[in-house]
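Just remember that the numbering used here sits 1437 ahead of the position in the sequence shown, which is counted from 1.
Quick reminder that beta carbons are idealized off the backbone N, C-alpha and C, glycines included.
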Amino acid sequence: MQILKKYILGFFLLILFGVSSFLIYLKLNPKKAPSNLIVGTGRIDGDLININTKYAGRIEKLYADESQKIKKGQLLAVLSSKEYKAQLDTINQQIKVKQKEIEAKKIELKILKESLPENVKKAKSSLEAIKLFFQSLRKYSIP
């Protein structure tokens, strides 16, 4: 049994040595490039593009995966519209309130237009009464 373990250990060491030697050989002797090909080492940096939306929101559905090529104008994602629907409902309610206020002001204006001639007549008659009162006071006043 001891001898079998020694053979297995030796076999694994031999395989490990062989694989290591092969990898070192590949590293030290790379493949030669064809004569019409230029080889060089370098680094290629991709352009980082920030994508922004006009409105903030949560992404509801994505239509493009990371590193997928896309075209100009292509739909990338759908934003959740719950917040916007709530804002729209609030604005619509405010519009309805303002429309009712406008209607009330129109009715008030109509009433004022109808009562204006009568109010003018009352004011003129009050003015005449006051003028007559002052004339009577002058008549009976001591000079």
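Check your understanding: Since Arg1495 and Leu1516 are thought to touch, with beta carbons under 8 Å apart, how far apart are those beta carbons, to the nearest angstrom?
Key -> 7 Å
Check your understanding: Based on the DSSP output, what are the partners of Lys1550 in its beta bridges?
Key -> The partner list for Lys1550 (beta bridge, DSSP) is empty, contrary to what the question assumes.
**Study point:** Simplified DSSP assignment, three categories, for Val1534
**Key:** helix
Review point. Per DSSP, what kind of secondary structure is Val1476 in: helix, strand or coil?
Key: coil
Review point. Mind checking whether Lys1498 and Ala1523 have CB atoms under 8 Å apart?
Key: no
Exercise for review: Would you list the residues sitting across from Lys1498 in a DSSP beta bridge?
Suggested key: Val1515
Review point. So what does DSSP say about Ile1452, is it helix, strand or coil?
Key: Three-state DSSP puts Ile1452 in a helix.
Exercise for review: Check the Cβ-Cβ distances between Ala1470 and every residue of chain B, and say whether any is below 8 Å.
Suggested key: Absence of chain B from the displayed structure is noted, only one protein chain being present.
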